[in-house]
Amino acid sequence: MNLISIQNADDPRIAAFRDIRERDLTGREGLFVAEGEVVLRVLASAESLCRPRAVLIAEQRLEKVRPILKNLPDGTPIHLAPQGVLDAIAGFHLHRGILAMGEKPQARTLDSILDGMRQGGVLLAACGIGNHDNMGGLFRNAAAFGAGGLLLDDRCCDPFYRKAIRVSAGAVLRTPMAVAGSGPAMVEALLARGVEVLAFTPGAGDRLAALSRSSTPRAILMGSEGPGLPASIIARCRAVRIPMAGGFDSLNVAATSAVALHQLTQVGL
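For the record, in the sequence shown the residue sitting at position 55 is 55 according to our numbering, with numbers rising by one throughout.
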């Protein structure tokens with residue numbers, strides 16, 4: 001392993017990790033920073049779609065994560081720093097003690113995602129999801145229930161934002177995804193490929209539990225919390241609802257996607 005001791009927060013070798021909160025907002029030109037042991041394990045695994053660039057960890061965490069570090073590509077810089085130096089580099093107390101930098105995967109297209117799906121497969125599609133917790137939840141659910149991938153419209157937030165990666169438990173790094181233009185354009189492209197697009201909305205007539213098995217590929221379409229999906233998009237889809245008690249008519253985006261994915265993918269699990 002390529003272990004490198006860092007004893008000064010101003011060391012130029014770790015400049016890319018410095019002040020990560022500010023960099024979260026300004027972007028990293030094709031790179032991302034993730035944190036924590038769970039995400040590092042995914043990044044170092046064969047399932048990752050992202051290439052590791054470098055790792056920065058607190059010295060006291062080395063022995064615990066050594067088996068994970070051995071899975072990194074040969075020569076990957078592994079920087080070791082005292083906890084205080086690590087905190088100074090990050091700009092805040094990093095209690096997880098682990099940062100990793102990786103390269104975002106090559107951009108995919110909607111067609112390439114669909115071409116990789118099995119017959120009767122299900123994928124998630126998202127319109128205007130701007131909350132990083134929700135974005136991370138969508139990716140985690142997609143991976144957990146075996147969805148064929150995730151499509152985002154051009155109003156969605158970046159899933160490679162550090163918090164989204166953490167909430168996804170690393171699923172962002174291993175789940176096929178594509179940014180597919182505007183919401184209406186994404187829906188029309190799915191329909192043109194013969195995909196049944198299910199728009200989840202409280203006012204729908206069809207109940208999720210009433211959907212039968214289908215050999216036709218399906219896309220579960222989710223909108224942002226509050227406004228939901230535009231009526232013009234719902235009109236182009238099959239509208240579906242999840243019946244609820246207690247006067248509630250909806251769940252948050254991540255919870256809704258989990259319920260829908262479980263119902264529509266459970267045959268294959």
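Positions of the beta carbon are idealized from the N, C-alpha and C atoms, including for glycine.
No experiment lies behind these values; they were computed from the predicted model shown.
Same chain only: Cβ atoms within 8 angstroms of residue i, ignoring 5 sequence neighbours per side
| i | result |
| --- | --- |
| residue 4 | 13, 77, 78, 79 and 80 |
| residue 191 | 197 and 236 |
| residue 107 | 178 and 179 |
Closest Cα partner of residue i within the set the options
| i | options | result |
| --- | --- | --- |
| residue 55 | 70, 98 and 92 | 98 |
| residue 124 | 153, 131, 132 and 102 | 153 |
| residue 144 | 202, 198 and 266 | 266 |
| residue 160 | 134, 31 and 253 | 31 |
| residue 194 | 215, 19 and 29 | 215 |
| residue 84 | 102, 175 and 7 | 7 |
| residue 213 | 175, 246, 158 and 119 | 119 |
| residue 102 | 48, 241 and 183 | 48 |
| residue 73 | 203, 52, 131 and 240 | 52 |
| residue 226 | 63, 171, 16 and 130 | 130 |
| residue 109 | 92, 209 and 189 | 189 |
| residue 137 | 172, 114 and 104 | 172 |
| residue 115 | 61, 66, 104 and 178 | 178 |
| residue 263 | 50, 174, 218 and 231 | 218 |
| residue 112 | 180, 70 and 132 | 180 |
| residue 66 | 157, 107 and 2 | 2 |
| residue 208 | 17, 61, 15 and 257 | 257 |
| residue 174 | 142, 163 and 162 | 142 |
| residue 17 | 246, 162, 255 and 231 | 162 |
DSSP-derived helix/strand/coil call for residue i
| i | result |
| --- | --- |
| residue 269 | Confidence at residue 269 is low in this model, with a pLDDT of 48, below 50, so the placement of that residue should be treated as unreliable; the coordinate-derived value is given next. Reduced to three states, the DSSP call for residue 269 is coil. |
| residue 2 | strand |
| residue 218 | strand |
| residue 113 | helix |
| residue 7 | coil |
| residue 39 | helix |
| residue 77 | strand |
| residue 84 | helix |
| residue 125 | strand |
| residue 159 | coil |
| residue 195 | coil |
| residue 55 | strand |
| residue 173 | helix |
| residue 229 | coil |
| residue 21 | helix |
| residue 166 | helix |
| residue 178 | strand |
Contacts around residue i, its chain only, beta-carbon distance under 7 angstroms, and the 5 residues preceding and following it disregarded
| i | result |
| --- | --- |
| residue 59 | 80, 81 and 82 |
| residue 229 | 127, 199, 201, 221 and 223 |
| residue 36 | 96, 98 and 166 |
| residue 268 | In this prediction, residue 268 has a pLDDT of 49, which is less than 50 and means its spatial position is unreliable; nothing more can be read from the coordinates. |
CB of residue i within 7 angstroms of CB of residue j, strictly
| i | j | result |
| --- | --- | --- |
| residue 34 | residue 165 | yes |
| residue 9 | residue 90 | no |
| residue 253 | residue 134 | yes |
| residue 100 | residue 122 | no |
| residue 186 | residue 151 | yes |
| residue 275 | residue 183 | Past the edges of the chain, shown from 1 to 269, lies residue 275, and the structure says nothing about it. |
| residue 176 | residue 149 | yes |
Residue range of the unbroken alpha helix (DSSP H) whose run includes residue i
| i | result |
| --- | --- |
| residue 184 | 183-192 |
| residue 242 | Note, residue 242: premise wrong, no alpha helix (DSSP H); not H, not E. |
Start and end residues, beta strand (DSSP E) containing residue i
| i | result |
| --- | --- |
| residue 14 | Element bounds for residue 14: n/a, residue is neither H nor E. |
| residue 135 | Counting along the chain, residue 135 falls outside any beta strand (DSSP E), though it belongs to the alpha helix (DSSP H) covering 132-144. |
| residue 213 | Careful: residue 213 lies outside any beta strand (DSSP E) and carries neither H nor E. |
| residue 65 | Taken as a continuous stretch (DSSP letters only), residue 65 belongs to no beta strand (DSSP E), being part of the alpha helix (DSSP H) at 62-69. |
| residue 103 | 98-103 |
| residue 152 | 150-152 |
Proximal residues to residue i (C-beta, below 6 angstroms), its chain only, five neighbours per side dropped
| i | result |
| --- | --- |
| residue 68 | 40, 41 and 44 |
| residue 169 | 38 and 140 |
| residue 250 | 202 |
| residue 204 | 239, 240 and 241 |
| residue 19 | 91 |
| residue 206 | 240 |
| residue 86 | 58 and 94 |
| residue 155 | 128 |
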